[in-house]
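Protein chains in written order, with my numbering: chain L, -16 to 453; chain W, -16 to 453; chain Z, -16 to 453; chain U, -16 to 453.
Each residue gets a CB set at the ideal place from its N, CA and C atoms; glycine is no exception.
Since we're looking at a predicted model, the values are computed, not measured.
Before any comments, here is the structure.
4 protein chains.
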Amino acid sequence: MLTEIKGLNEECGVFGIWGAEKEQAASISYYGLHSLQHRGQQSTGLVVKNDQELVQHRGLGLVSEVFSKDILENLRGTAAIGHVRYINDLRGQIADVQPFLFNFEDSGLAMCHNGKLVNAKQLRRSLEEKGSILQTSSDSEVLAHLIKRQKSDSQVLNIKNALAQLKGAFAYILLTQNEMIAALDPNGLRPLSIGRLGSAFVVASETCAFDTIGAKFFQDVNPGEMVIFNDQGMTVERYTENTSRAICSFEFIYLARPDSDISGVNIHIARKNMGKRLAAESPVPEADLVIAVPDSGISAAAGYAEAMQKPYELGLIKNRYIARTFIQPSQELREIGVKMKLSVVERVVCGKKVVVVDDSIVRGTTTKRIVQILREAGAAEIHVRVSSPVIRYPCFYGIDMQNTDELIGYGRSIEEVRQIIEADSLDFLSIEGLVESINLPYYDEKYSGLCVAYFNGDYPTELVDYSDFV
Amino acid sequence: MLTEIKGLNEECGVFGIWGAEKEQAASISYYGLHSLQHRGQQSTGLVVKNDQELVQHRGLGLVSEVFSKDILENLRGTAAIGHVRYINDLRGQIADVQPFLFNFEDSGLAMCHNGKLVNAKQLRRSLEEKGSILQTSSDSEVLAHLIKRQKSDSQVLNIKNALAQLKGAFAYILLTQNEMIAALDPNGLRPLSIGRLGSAFVVASETCAFDTIGAKFFQDVNPGEMVIFNDQGMTVERYTENTSRAICSFEFIYLARPDSDISGVNIHIARKNMGKRLAAESPVPEADLVIAVPDSGISAAAGYAEAMQKPYELGLIKNRYIARTFIQPSQELREIGVKMKLSVVERVVCGKKVVVVDDSIVRGTTTKRIVQILREAGAAEIHVRVSSPVIRYPCFYGIDMQNTDELIGYGRSIEEVRQIIEADSLDFLSIEGLVESINLPYYDEKYSGLCVAYFNGDYPTELVDYSDFV
Amino acid sequence: MLTEIKGLNEECGVFGIWGAEKEQAASISYYGLHSLQHRGQQSTGLVVKNDQELVQHRGLGLVSEVFSKDILENLRGTAAIGHVRYINDLRGQIADVQPFLFNFEDSGLAMCHNGKLVNAKQLRRSLEEKGSILQTSSDSEVLAHLIKRQKSDSQVLNIKNALAQLKGAFAYILLTQNEMIAALDPNGLRPLSIGRLGSAFVVASETCAFDTIGAKFFQDVNPGEMVIFNDQGMTVERYTENTSRAICSFEFIYLARPDSDISGVNIHIARKNMGKRLAAESPVPEADLVIAVPDSGISAAAGYAEAMQKPYELGLIKNRYIARTFIQPSQELREIGVKMKLSVVERVVCGKKVVVVDDSIVRGTTTKRIVQILREAGAAEIHVRVSSPVIRYPCFYGIDMQNTDELIGYGRSIEEVRQIIEADSLDFLSIEGLVESINLPYYDEKYSGLCVAYFNGDYPTELVDYSDFV
Amino acid sequence: MLTEIKGLNEECGVFGIWGAEKEQAASISYYGLHSLQHRGQQSTGLVVKNDQELVQHRGLGLVSEVFSKDILENLRGTAAIGHVRYINDLRGQIADVQPFLFNFEDSGLAMCHNGKLVNAKQLRRSLEEKGSILQTSSDSEVLAHLIKRQKSDSQVLNIKNALAQLKGAFAYILLTQNEMIAALDPNGLRPLSIGRLGSAFVVASETCAFDTIGAKFFQDVNPGEMVIFNDQGMTVERYTENTSRAICSFEFIYLARPDSDISGVNIHIARKNMGKRLAAESPVPEADLVIAVPDSGISAAAGYAEAMQKPYELGLIKNRYIARTFIQPSQELREIGVKMKLSVVERVVCGKKVVVVDDSIVRGTTTKRIVQILREAGAAEIHVRVSSPVIRYPCFYGIDMQNTDELIGYGRSIEEVRQIIEADSLDFLSIEGLVESINLPYYDEKYSGLCVAYFNGDYPTELVDYSDFV
């Protein structure tokens, strides 16, 4: 939720429903997407299946802006898939807004995707050489072309073969007139869970979407699985046996909502544990109080305070109306930016030794300004504690930190970072601390069940299009 | 900030600046109003003074929606006044959006108002009988007509005489080509503070607006004062000696931002004190943990937990994207409403004895639903603690609780309320507890410096238009 | 309709209905205003009377833009008044959009106005001295304040007394809960007609509005009359006996729609007569063909061609999509402006001696460009004939030509004008020719029933606010 | 321009420029498209070539609505292609708005199309079977896929081979980083002309676009030609030798602007000739006057009047503000529709024997209503004369009259049609009369250079997808 401040953006959230009663698939999806809004605020869309056809509505903006009551009422149907997205490219055009809908002469196929493929360019080139025209600039679209070029009479087999060609992070939901299909990449880099709402099945990036619509968690989609929902029920298939769970650890650190569970682990509890562990690894015994960088640092700060038996205080306030406020570029008003987003409660921090807990530091510019405004407010000492390890490597799986030059932790010691942000002290959680705080109930040896590549460079897939990086 | 949930709405926030450098009065006011956005989200406007004239821009919506960069750049000037507002009346038309601007043949007068007059109807009737036409449905406009009908050559005297005729709650800012005037009602029911930004003077409903723009707090406007800002500086005058401080206690309980100070008291600290006092007055020794109803209950909940030495947990999550989301009226989806706004973190509360702290209970419907969703999530016991007293009387000074029938506390014992909301236990802070938690540094005997009329019916003014009530 | 080209703008059109069946007053007014759209395209509004109250809706833009189906369906009532307007002032704010609605404590009054008062400033000053506040920058509003300050118990008498204080051009329609009142200035400068639609009465600036809604013309409102419509029927009263008919001759020349009748004279026929008379006064015997400047010159050109027995050809085409198209300011594209609006049919005019008939010349810039593009298209000779006299004086009654400096005919001989526009010959209709072409069926001696002040400086009223001019 | 009334809609207009000075390709195209606005008002777009890439902007609405000054200024480049369109399908989505832009991994291709292919379905099916995914519902897109699937190294040869597979009506403009290509179908069903603007080349559906931007007509694109514009100049190639000119005669009758020339014939003059010929074929000697159905009947009516030596009068007025006005569906207001669009000048027609000339009759509903409103206005006799033959067959080449059931002339004698529209007499121009009035300077024997299939069923191409029709 700190998107603007951190400049660190998840690409998407996906939602799907099959078998909705009273043709309310669109309305239920609307509430589901609303619960996933923190995963992407720049575009959204739905494809709804009614008796005759697949119908699409999409637009730039929030779920509540793109869908009006009238629009939803006209989108009746028993199944739907939907998407929320952060668009990196400012040229972001409506053609790139998901779900995509492909109308073939004899049928239709809709799809939406959370994650990022690492061999999309290679696949695009190959498809174009064979005469295909790709319409969007999205990596997600290649799956449709791969499916379309399969020759089998079995649609399920065609999709399996197409999925097997993809590399990278993907949680796909597909919709046809006959079925809804959810598919997860071989590492399960992105979360994808299945729930039940009466007799209907729902699929969502996070379980918080289930709570909102009154659905119950049923089971997670596992790495390499392709789950088919149709009028006969649900069938779990596999398109590959070569899997190794490596869930993106940033889902736990920052991206997911505190009330979601991923692989059986509640996000708030994981974060509070990170805070407690951080207190053990890097205490500040002389501190008077602990404050959080809201909102994503709140759970860890509470854990840190509890473990240290220090007061947990509201030292920084986040302005709830910041979205879309423009910042005046004039010299005089330049400093207003961070103050509009975060305010210090001066009487709380003035004269005090303060531990300020944030969930992560990417570029470091916001952290530096937070230290500044705390200092201006009279804080005696400012100890920054970060409830995740130092980010030293780019992410190619959908988190917007591809450029190592922008990472403050790239090629710098912690002390060098501390000097830049001008804190009195600075420390980060260890990788082991992170993994043990999350404490996944089951995982493979290889990656402890988590992708921590941004911390240690150990990428769970080939990088293909990005192999120059290594 | 819980406006939608509580259905309890402040009427306005006001902001003014005189002597802005580089003609940036509008841009500075934009950021100032943005900081006051929590006081009203339905309309906003600015009147800016340049060398030639007063120029107005206003609209329905948030500050960031009504003002674009282009608009602000065209509104250059050295002084400005602005307003954010919650409009009760759904008919709310642009003519009613403040600040009002009156263009006389020889001069101009702009004004904006926070609060509510209790003799506006009486004054309107009298003005119309004398041939005046009032354009808006607002009670605020009468002041302009009262001023216009004064006969003195001294504009200051005319304004004093006009202000002396008003009864009720008002923090007015007026702007002419020659001066800006801030005036507060004889009880100081609404907050109004003065700050300095370089050589410029700023006035705002809350001090949080000063922090954002980099201004420093200078002094409060006191009850019965009329402060004149012009190119010679600032002059404090009085339009009445008959004053008695009685600041609306709901500003401390719920309305103001935690980082604001009112009469030298920080809001977060006051709320945390309310929580501590509540723990002393009504402890729950058997509780496993304490949670808050976000956002307004957070400070008090942290205080309660600290005093009780119990863990403070994130048991309820507020959805940040709720604004303007419509709720489907169908039977099937009716229950979604509160779940869209607040989510339970099931793994935190399941099987636990929970104290849930809210800042106040008005109608009780939200509280009842919170108890329900906590119960559904498996909470073993639910103890509701409210960090303000029982609301038993209407407010006529600008807080949207005029109808006693809607108040759950009207004519009911606490036990009766507890049965309605289905909590395991329920308790409220005492009036003494509230007053002592706020602990104003200076006040008059009569009202302890605070208006607590909604709790005890002791209104600090005549009620005039509403005297039937008594 | 040539507004953009001529830059000569009527201020308004008014419409009213009393006694509409099935509460369709708003829908009928919508169609009525639509027929009057040529009289003003920049703002429009309606006030509708239902059983309880007067309800207002207004906005900037065309009738079809400001009113949607939903809005109209929510505006049900048995009476309504409406307005379309051209706003001179680019600052034109919504507060200035008519009809105005004044909500008094005990009643309501709505009004709309076509025309322009010449003593509005004098009246405003006097009202403000007595303590009134005028909200709009419109001259129209003063009538409401004059009425409000009358002391009689008879609303009719109060309105009569107020109307008697106005000087200038006005066709007012007023609406209260009990009646609709139409009033015309003592010279009848602006047109105002009454029609019947079943049992309902309608009032409109032009009779073309009656045809559209299926109403029948009943009678004109005469100078000095005040016509009252209520549930008992229609009553004609007079607020002054001092009247002298002097209808704005520009209504016949340019403003009104060809299918309207004013004082029993059809506009198209009057214009065709002007063309015939112009042919008699200033023939071009050597011409090969006659073309019109579309659209307003079409009737006169057809008349001229018929009288001269020359072919009437389509030599200039008007682009129907020109509204709101912006013109690129770059050097290279500067000349595109007039070509976007008017195109020459090259094969019609090439090598020919052409008479081009326009209805009037105000600034002369468009005429000059028309001559240029005809010349570029190869016309051998270009003879400009204008079916109205030379404009030598400003208008103070609502036509947008107040500044004599902008009038090409001001202080210049016809030969001097010809040289500026570079035509081979140029001539204008005589004032006598104009009056006899219109041929009003009844009129007073004094002004021949027509205001021709822009041609001869003989203003039918005192000029009051503009008396410096003389 | 009578689109709404006739319900007969051209599909498109296209415009292109190569070699624009000062990178003004977009601005020039804006004015060019504006001149073609009568060919389609529902969507428009541009693709502009700058040094790096092809950039697209498109939207639903008029040219003046879709393009703002800011947008144009950001679209700088030396070449551009643009499109205006009428969209039949109400589902019309932005993806279907032309020009299309295909971004391949190594290059880009933009295209726009006027006309309609008759083998698009056949081609789509074949492409999908080979694994292609078509994104739009447009028939135009298939050309891109056909080109992409060609294997030659020569882009020109690939395009030639692709064009040779198309059947039906098409005027295509293609744009790549290296060239602009204009191509016309083997019958030249749609018009396409080349002009010069300084050193730049322009291409447009109608020559009126050249006049607006100051370009000079250079030559027409001929049937079967593919004209290549690049930095070396212009090259005319042919993709087929099997051509036979058959220009859509409706371009002359109704679609094109009167100031355009097609194949050397001016539209206004052709229409005036049709009117004269109609007078010779079917005179009404007893008529008092001749009136036109505006706007498209004006030229023919003037010709008819001139040939008959009868007065040409303005008997019907077209409302200029009709666009997008909705029509109230209630019983009482149902009849308002046609009256909003067309008004009778009662004093012109009352008591007279009237010849009313229209350019064509498609469904007949508007003609019937025109006869009604003339009758209601008191016309003594109403003689309808139509300056084109009876429409008896559908069009498959882009004019919106595919359903024979909707054609009033389908399976009816002229007398039967007369009875339906309730005119006193009715007659149509003969096919020979039409062809001789247009009088093309050059043509092939086979079709006299004109497609008159809607009149005689003689289609110049195979119908392929529509062969069931025959």
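Original post:
Are the beta-carbon atoms of Z:P368 and Z:L261 separated by less than 8 Å?
Top reply: According to the sequence shown, residue 368 of chain Z is Arg rather than Pro. Yes, the Cβ-Cβ distance between Z:R368 and Z:L261 is below 8 Å.
Original post:
How many Å lie between L:V339 and L:R173 at the Cα?
Top reply: 30 Å
Subject >> Complete runs of the beta strand (DSSP E) confined to the segment 123 to 161 of chain Z [at least 3 residues] >> reply: 151 to 158
**OP:** Report yes if the CB atom of L:H40 is closer than 8 Å to the CB atom of L:I54, and no otherwise.
**Re:** yes
Subject >> First through last residue of the beta strand (DSSP E) which encompasses L:I344 >> reply: Element bounds for L:I344: n/a, residue is neither H nor E.
Subject >> Local conformation of L:L244 per DSSP, three classes >> reply: Reading the sequence as shown, one finds Asp at residue 244 of chain L and not Leu. Of the three classes helix, strand and coil, the one that applies to L:D244 here is strand, per DSSP.
**OP:** With a 10 Å radius around its C-beta and 16 neighbouring C-beta atoms as the bar for buried, classify U:A145 as buried or exposed.
**Re:** It is buried - the Cβ of U:A145 has at least 16 other Cβ atoms within 10 Å.
**OP:** Kindly say whether Z:N97, judged by its beta-carbon, lies nearer than 8 Å to any beta-carbon of chain U.
**Re:** No Cβ of chain U is located within less than 8 Å of the beta carbon of Z:N97.
Original post:
Where does Z:F411 fall in DSSP's three states?
Top reply: strand
Subject >> Beta-carbon proximity list for U:A284, same chain, < 7 Å, skipping 5 on both sides >> reply: Excluding positions up to five away in sequence, the list reads G258, V273, I274, A275, Y295 and V340.
Subject >> Range covered by the alpha helix (DSSP H) that runs through U:Q355 >> reply: In the DSSP assignment, U:Q355 falls within the unbroken alpha helix (DSSP H) covering T348 to E359.
Subject >> Burial state of L:T190, where buried means 16 or more other Cβ atoms lie within 10 Å >> reply: buried
**OP:** Please decide whether Z:M(-16) counts as near chain U, where near means a Cβ-Cβ distance under 8 Å.
**Re:** At Z:M(-16), the pLDDT of 28 sits below 50, so the modelled position is not reliable and the matter cannot be decided from this model.
Original post:
Does DSSP put L:D79 in a helix, a strand or coil?
Top reply: helix
Original post:
Residues of chain L with a CB under 8 Å from the CB of U:E88: which are they?
Top reply: In chain order: K104, R107, R108 and E111.
Subject >> Own chain residues within Cβ distance below 6 Å of W:F438, not counting five before or after >> reply: P372 and I414
Original post:
Would you say W:V337 and W:G298 are within 8 Å of each other, going by their C-beta atoms?
Top reply: Between W:V337 and W:G298, the C-beta spacing is below 8 Å.
Original post:
Taking the alpha carbon of L:D34 as the point to measure from, which residue in L:Y449, L:E6 and L:R358 has its own alpha carbon closest?
Top reply: L:E6
Original post:
Going along the chain, which residues of its own chain have a beta-carbon closer than 7 Å to the beta-carbon of L:I399, five neighbours each way excluded?
Top reply: The question names Ile, yet the displayed sequence has Glu at residue 399 of chain L. Residues of the same chain with their beta carbon placed closer than 7 Å to that of L:E399 are lacking, with the five preceding and five following residues left out of the count.
Subject >> Z:G461 in three-state terms, based on DSSP >> reply: A question about residue 461 of chain Z goes unanswered here, because the residues of chain Z that appear run from -16 up to 453.
**OP:** My understanding is that W:L423 touches W:V248, with C-beta atoms under 8 Å, so please give their C-beta distance in whole angstroms.
**Re:** 6 Å
Subject >> Amino acids of chain U, ordered along the chain, whose beta-carbon sits closer than 7 Å to that of Z:Q20 >> reply: Neighbours of Z:Q20 in chain U, taken as residues whose beta carbon is under 7 Å from its own, are Y304 in chain order.
**OP:** Could you please give the first and the last residue of the uninterrupted alpha helix (DSSP H) stretch that includes U:K52?
**Re:** K52 to E56
Original post:
Taking Cβ positions, are Z:G60 and Z:Q160 nearer each other than 8 Å?
Top reply: no
Original post:
Would W:N97 be called buried (16 or more neighbouring beta carbons within 10 Å of its own) or exposed?
Top reply: Result: buried.
Original post:
Less than 8 Å separating the beta-carbons of L:V30 and L:V38?
Top reply: yes
Original post:
What first and last residue would you give for the alpha helix (DSSP H) that runs through W:K335?
Top reply: Element bounds for W:K335: n/a, residue is neither H nor E.
**OP:** Step through the CB atoms of chain W and report whether any lies within less than 8 Å of the CB of L:V327.
**Re:** yes
Original post:
Could you give the residue range of the alpha helix (DSSP H) that holds W:F438?
Top reply: A436 to N439
Original post:
Closer than 8 Å, CB to CB, is U:I77 near chain L or not?
Top reply: yes
**OP:** Residues of the segment 329 to 349 of chain U with a CB closer than 9 Å to any CB of chain Z: list them in chain order, please.
**Re:** E329, R330 and V331
Original post:
Name the DSSP beta bridge partners of L:M384, please?
Top reply: Partner(s): none; L:M384 has no beta bridge.
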